[in-house]
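Residue numbers (the UniProt record's numbering): 1 to 249. Glycine included, every Cβ here is placed at the ideal spot set by N, Cα and C. Worksheet for the structure shown next.
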């Protein structure tokens, strides 16, 4: 959920994520296909593909499905040509959103994403309107029980990470994009399992929202994240634990 894992945890407990497995597979297949198209089908020589395949395997995606996605990317079998696009927009209370998209129909997707913003008191805006409020970073997530704070300080920061934060049930480690693989390798060499890793947009400052604004921000985030063409959503809002509990009911 790219910084909103506390909300994701509450939704899991309510069972609202059960229907998302198929959509997650779709997103992973797209990423594998694009990674293979851009860098070739050899996972050893293509870091982006290696990460995509690792993510797919962690979700128990069948090997044949992964193989076909790679073959579509390399052109060995016929497939869809996906285009990568970044959309930006604003939400309630001046909150800012960045949306990573992969689509085979740009006109359809831009219209649908714009409509999602409009339905949730937001506005899709021009390039650069939100990006200024974010840093492009490497983002690594780990289960809370996978490492102690002392281990993160010694191993992750020792390998070049900038910082780590407690996100409830997981740790988030940030670093420069080019140091993502070395930091992940250092953690894995120390037998610390990594849940996910890759480039992300990290807000420079978070805006605390509450009441109706908090509800609408979360609804907008979820609606964007649920769209089949959306790979990742990033936002600069934060919601307190008490407010999340109130909204979850």
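Query: Local Cβ density within 10 Å of residue 13, reported as buried at 16 or more and exposed below that; Result: Residue placement at residue 13 is poorly supported in this model, since its pLDDT is 48, which falls under 50; the coordinates still yield a value, given next. Residue 13 comes out exposed.
Query: Complete runs of the alpha helix (DSSP H) confined to the UniProt domain "TACO1/YebC-like second and third" (82-236) [at least 4 residues]; Result: 106-119, 180-189 and 211-226
Query: Assumed close pair residue 141, residue 196 - CB separation to whole angstroms, cut-off 8 Å; Result: 5 Å
Query: Three-state secondary structure assigned by DSSP to residue 248; Result: helix
Query: Beta-ladder partner(s) of residue 238, from DSSP; Result: 208
Query: Neighbourhood of residue 43 by C-beta, 6 Å cutoff - its chain only, sequence neighbours within 5 removed; Result: 49, 50 and 53
Query: Proximity of residue 253 and residue 29 at Cβ, strictly below 7 Å; Result: In the structure displayed, the chain extends from 1 to 249; residue 253 sits before or after that span and is not available.
Query: Cα-Cα separation between residue 232 and residue 79, rounded to whole angstroms; Result: 22 Å
Query: Spatial neighbours of residue 77 in its chain, beta-carbon cut-off 6 Å, leaving aside the 5 residues before and after; Result: 71
Query: Option in 221, 178 and 176 with minimal Cα separation from residue 96; Result: 221
Query: Integer Cβ distance of residue 170 from residue 144, believed to fall under 8 Å; Result: 6 Å
Query: Nearest candidate by alpha-carbon position, reference residue 244, set 67, 229, 230 and 213; Result: 213
Query: Coil, strand or helix - residue 243 by DSSP; Result: helix
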